[in-house]
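For the protein sequence lines, the chains are A and B, in the order given. Mapping of the first sequence onto numbering that gives the first Met the number 0: position 61 corresponds to residue 60, and the numbering continues sequentially without gaps. Mapping of the second sequence onto numbering that gives the first Met the number 0: position 150 corresponds to residue 149, and the numbering continues sequentially without gaps. By construction, the Cβ of each residue, glycine as well, lies at the ideal position given by its N, Cα and C atoms. Working notes, beginning with the structure itself.
There are 2 protein chains.
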Amino acid sequence: MKEGPDIAQIGALIGDPARANMLAALTGGRALTATELAGVGGITVQTASTHLAKLEAGGLLAQRKQGRHRYFTLADEAVARLIESMMGFAAGRGHLRHQPGPKEPALRKARICYDHLAGDYGVRMLDSLIASSSIEAVGEGLALTEKGESDLKRIGIDVSDLRSSRRPLCRSCLDWSERRAHLAGSLGKALLSSFLDKGWARRTAESRSILFSPEGDRQFLKLFPVDA
Amino acid sequence: MKEGPDIAQIGALIGDPARANMLAALTGGRALTATELAGVGGITVQTASTHLAKLEAGGLLAQRKQGRHRYFTLADEAVARLIESMMGFAAGRGHLRHQPGPKEPALRKARICYDHLAGDYGVRMLDSLIASSSIEAVGEGLALTEKGESDLKRIGIDVSDLRSSRRPLCRSCLDWSERRAHLAGSLGKALLSSFLDKGWARRTAESRSILFSPEGDRQFLKLFPVDA
DNA sequence: GCGATGCTTCGGTTACGATCGAACTATGAA
DNA sequence: TTCATAGTTCGATCGTAACCGAAGCATCGC
Numbered sequence: 000m001k002e003g004p005d006i007a008q009i010g011a012l013i014g015d016p017a018r019a020n021m022l023a024a025l026t027g028g029r030a031l032t033a034t035e036l037a038g039v040g041g042i043t044v045q046t047a048s049t050h051l052a053k054l055e056a057g058g059l060l061a062q063r064k065q066g067r068h069r070y071f072t073l074a075d076e077a078v079a080r081l082i083e084s085m086m087g088f089a090a091g092r093g094h095l096r097h098q099p100g101p102k103e104p105a106l107r108k109a110r111i112c113y114d115h116l117a118g119d120y121g122v123r124m125l126d127s128l129i130a131s132s133s134i135e136a137v138g139e140g141l142a143l144t145e146k147g148e149s150d151l152k153r154i155g156i157d158v159s160d161l162r163s164s165r166r167p168l169c170r171s172c173l174d175w176s177e178r179r180a181h182l183a184g185s186l187g188k189a190l191l192s193s194f195l196d197k198g199w200a201r202r203t204a205e206s207r208s209i210l211f212s213p214e215g216d217r218q219f220l221k222l223f224p225v226d227a
Numbered sequence: 000m001k002e003g004p005d006i007a008q009i010g011a012l013i014g015d016p017a018r019a020n021m022l023a024a025l026t027g028g029r030a031l032t033a034t035e036l037a038g039v040g041g042i043t044v045q046t047a048s049t050h051l052a053k054l055e056a057g058g059l060l061a062q063r064k065q066g067r068h069r070y071f072t073l074a075d076e077a078v079a080r081l082i083e084s085m086m087g088f089a090a091g092r093g094h095l096r097h098q099p100g101p102k103e104p105a106l107r108k109a110r111i112c113y114d115h116l117a118g119d120y121g122v123r124m125l126d127s128l129i130a131s132s133s134i135e136a137v138g139e140g141l142a143l144t145e146k147g148e149s150d151l152k153r154i155g156i157d158v159s160d161l162r163s164s165r166r167p168l169c170r171s172c173l174d175w176s177e178r179r180a181h182l183a184g185s186l187g188k189a190l191l192s193s194f195l196d197k198g199w200a201r202r203t204a205e206s207r208s209i210l211f212s213p214e215g216d217r218q219f220l221k222l223f224p225v226d227a
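Have a look at this one:
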């Protein structure tokens, strides 16, 4: 009889519509902020915060603090699989859900994240900078090498200017579409700014996506190659 | 944002402790009555009834009416798999549950079901009677053949006596430990009574299990053989 | 017909949890 | 320092759902 609160607990966690929407949104493997998740769940940030705390306490979510943001992800692979299987089950019962839709591939390619470049291009840029020894990973953080400093000067970015700011120069930022790190910090901001200044790319009015011009695209890919 | 009530709905269904316990109890594949499930859930029958109605409406349960009993089972294989996977997940999170325990194998072998024989022996008996053409399936029900009637007379059961009762002679009863049908009805009752009268078996005080004596065991197996 | 049993429905209580406004903490930028 | 943004915590409200007693059906066996 007394078998203890077992599947009931996780069932209840998933059983709230707001939480279910949050979890569904996170099943893509992307990390989202509390505010974004509040939007997904259709609730205020306060409410979302308590929901997220419960989900974390229940072991379904993990959070990663990053500046003033707090990125939430599913705790691990097992959670994703559970959610996926429940979604599959629900779909089989006839509760066919609204499909995610086209989902703006442009947003996945390149978009603004706070003030720096994110998406496929953002991840690619950091990968390339590390591959060329311009940036190296130091523990959890990132550090600019001397080679990197001179390379950047050549494309018009004066790092000494950036050092005057109290903001860290390099910082790793979790990319929610690629689920890998891209470059944040004042250097990340400076790089994006230079792309925009050079006319390689421009921001869009409504969306967070960054649109590269054909020429800018060419230049960017040349500047940050991905070697085999 | 609006993705519809999807996994939240089944999550909520599973999220109630009483319902979760019921579902867990049914995951063994056995069919249980509302009263039994109420016991499992630690609630009254009324409450259990509403829970069961919800689970059925949600497509998780199916019920099969049988006389004044109502046997509930998981709707299908998919439900069982979902519950199993959730239990596995929960166990992995550290919510290790109380193990079902030894579970009285005697109860699975032979027990009383209302007034007839159930369990492995009950199922075996009906199988054997059908195999020997003593009973044949007619639509949903069961019917005694002439051969069956004479065979039974030989072991001391006068069917004409039984016919005088308004109670059906043969009835199929879902066995919850075997998940297959066994013989109910006045004939099922008569058969069990004869076993008890002959001293082949006896009821136990506390449990519902039927204990066969070594000799009774031998006789029963000889009388109701299972052919290859 | 009768009483007994298994289960559902109705009515009303109670309790828990989702929700948000407002206040508080923390980080970042100037 | 000051302002702005991101999140959490507090407090209180409100709805909903779980729960049970009691009454109502349905089925069985006599």
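Unbroken stretches of the alpha helix (DSSP H), 4 residues or longer, contained in the region 25-112 of chain B: Runs of the alpha helix (DSSP H) inside the region 25-112 of chain B: 33-40, 44-56, 76-91, 104-108.
Beta-carbon neighbours of Leu81 of chain A, restricted to chain B and to distances below 8 Å: Near Leu81 of chain A (Cβ distances below 8 Å), the residues of chain B are Ser84, Met85, Phe88.
Cutoff 8 Å: Arg92 of chain A Cβ touching any chain B Cβ: Contact of Arg92 of chain A with chain B is assigned, a C-beta pair being separated by under 8 Å.
Selection from B:Val137, B:Thr144, B:Leu116 that minimises the alpha carbon distance to Phe194 of chain B: The shortest C-alpha to C-alpha distance from Phe194 of chain B to any of B:Val137, B:Thr144, B:Leu116 is the one to B:Leu116.
Host alpha helix (DSSP H) of Leu151 of chain A (start-end): Boundaries of the alpha helix (DSSP H) around Leu151 of chain A: 145-153.
Asp160 of chain A, buried or exposed, once every other Cβ within 10 Å from all chains shown has been counted against 16: It counts as exposed.
Limits of the unbroken alpha helix (DSSP H) element including Ile6 of chain A: Note, Ile6 of chain A: alpha helix (DSSP H), 6-14.
Three-state class that DSSP yields for Ser133 of chain B in the structure shown: Coil at Ser133 of chain B, not helix or strand.
Beta carbon of Phe71 of chain A nearer than 8 Å to that of Ala19 of chain A: Taking 8 Å as the cut-off, the Cβ atoms of Phe71 of chain A and Ala19 of chain A do not count as close.
Gly87 of chain B classed as buried or exposed, judged by whether at least 16 other C-beta atoms fall within 10 angstroms: With fewer than 16 other Cβ atoms within 10 Å, it is exposed.
Helix, strand or coil at Ala180 of chain A according to DSSP, with G and I counted as helix: Collapsing the DSSP output to three states places Ala180 of chain A in a strand.
CB contact check: Ile42 of chain A to chain B, cutoff 8 Å: Proximity of Ile42 of chain A to chain B, defined by a Cβ-Cβ separation below 8 Å, is not satisfied.
Endpoints, alpha helix (DSSP H) assigned at Leu220 of chain A: Where Leu220 of chain A is concerned, the enclosing alpha helix (DSSP H) stretches over 213-222.
Counterpart residues of Leu141 of chain A in DSSP-defined beta bridges: Under DSSP, Leu141 of chain A takes part in a beta bridge, and its partners are A:Ala136.
Proximal residues of chain B, C-beta to C-beta of Ala7 of chain A below 8 Å: Ile13, Gly14, Asp15, Pro16, Arg18, Ala19, Asn20, listed in chain order.
Interface flag, Ala47 of chain B vs chain A, CB-CB below 8 Å: The beta carbon of Ala47 of chain B does not come within 8 Å of any beta carbon belonging to chain A, so the residue lies off that interface.
Exposed unless 16 or more other CB atoms sit within 10 angstroms - verdict on Gln235 of chain B: The shown model of chain B, from 0 to 227, leaves out residue 235 of chain B, and the question about it has no answer.
Ala19 of chain B (DSSP reduced to helix, strand or coil): For Ala19 of chain B, the three-state secondary structure derived from DSSP is helix.
Beta carbon proximity, Ala37 of chain A to chain B, threshold 8 Å: Chain B places no beta carbon closer than 8 Å to that of Ala37 of chain A, leaving this residue out of the contacts.
Contact belief for Gly198 of chain B with Gly215 of chain B at Cβ below 8 Å, rounded distance in angstroms: The Cβ separation is near 7 Å, so the contact holds.
Inter-residue CB distance, Lys53 of chain B and Leu12 of chain B (contact presumed, cutoff 8 Å): With a Cβ gap of about 7 Å, Lys53 of chain B and Leu12 of chain B count as contacting.
Gly155 of chain B to Gly14 of chain B span [Cα, whole Å]: Approximately 54 Å between the Cα atoms of the pair.
Backbone secondary structure at Leu168 of chain B - three-state DSSP: Look at Leu168 of chain B here: in three-state DSSP terms it is coil, with no helix or strand label.
Selection from B:Val137, B:Gly41, B:Asp150, B:Asp114 that minimises the alpha carbon distance to Ser127 of chain B: When only C-alpha atoms are compared, the closest one is B:Asp150.
Straight-line Cα distance separating Ala109 of chain B from Glu83 of chain B: Rounded to whole angstroms, the separation of the alpha carbons of Ala109 of chain B and Glu83 of chain B is 27 Å.
Per-residue contacts from Ala56 of chain B into chain A (C-beta, under 9 Å): Those do not exist, as Ala56 of chain B stays about 11 Å from chain A at its closest Cβ, beyond 9 Å.
Chain A within 8 Å of Ala61 of chain B, Cβ atoms only: No Cβ of chain A is located within less than 8 Å of the beta carbon of Ala61 of chain B.
Residue nearest to Asp5 of chain B in terms of C-alpha spacing, selected from A:Ser208, A:Met85, A:Glu148: It is A:Met85 whose Cα lies nearest to the Cα of Asp5 of chain B.
Three-way DSSP call (helix, strand, coil) for Ser185 of chain A in this model: Looking at Ser185 of chain A - three-state DSSP - the assignment turns out to be helix.
Which of helix, strand or coil DSSP assigns to Ser127 of chain A: Taken through DSSP and simplified to helix, strand or coil, Ser127 of chain A comes out as helix.
Ser159 of chain B - containing alpha helix (DSSP H), residue span: That run of the alpha helix (DSSP H) goes 158-162.
Gly58 of chain B beta carbon less than 8 Å from that of Arg92 of chain A: With respect to the 8 Å criterion, Arg92 of chain A and Gly58 of chain B are classified as neighbours on the basis of their beta carbons.
Cα-Cα separation between Cys169 of chain B and Thr144 of chain B, rounded to whole angstroms: Spanning the two alpha carbons is a distance of roughly 11 Å.
Proximal residues to Ile42 of chain B (C-beta, below 6 Å), its chain only, five neighbours per side dropped: Cβ-Cβ distances below 6 Å link Ile42 of chain B to Ala17 in the same chain, with the five nearest sequence neighbours on each side left out; the list follows chain order.
Pick from A:Val122, A:Glu148, A:Ala24, A:Tyr120 that is closest to Ser132 of chain A, judged by C-alpha positions: Checked all of A:Val122, A:Glu148, A:Ala24, A:Tyr120; the closest Cα to Ser132 of chain A is A:Glu148.
CB contact check: Ala52 of chain B to chain A, cutoff 8 Å: It does not; no Cβ of chain A falls within 8 Å.
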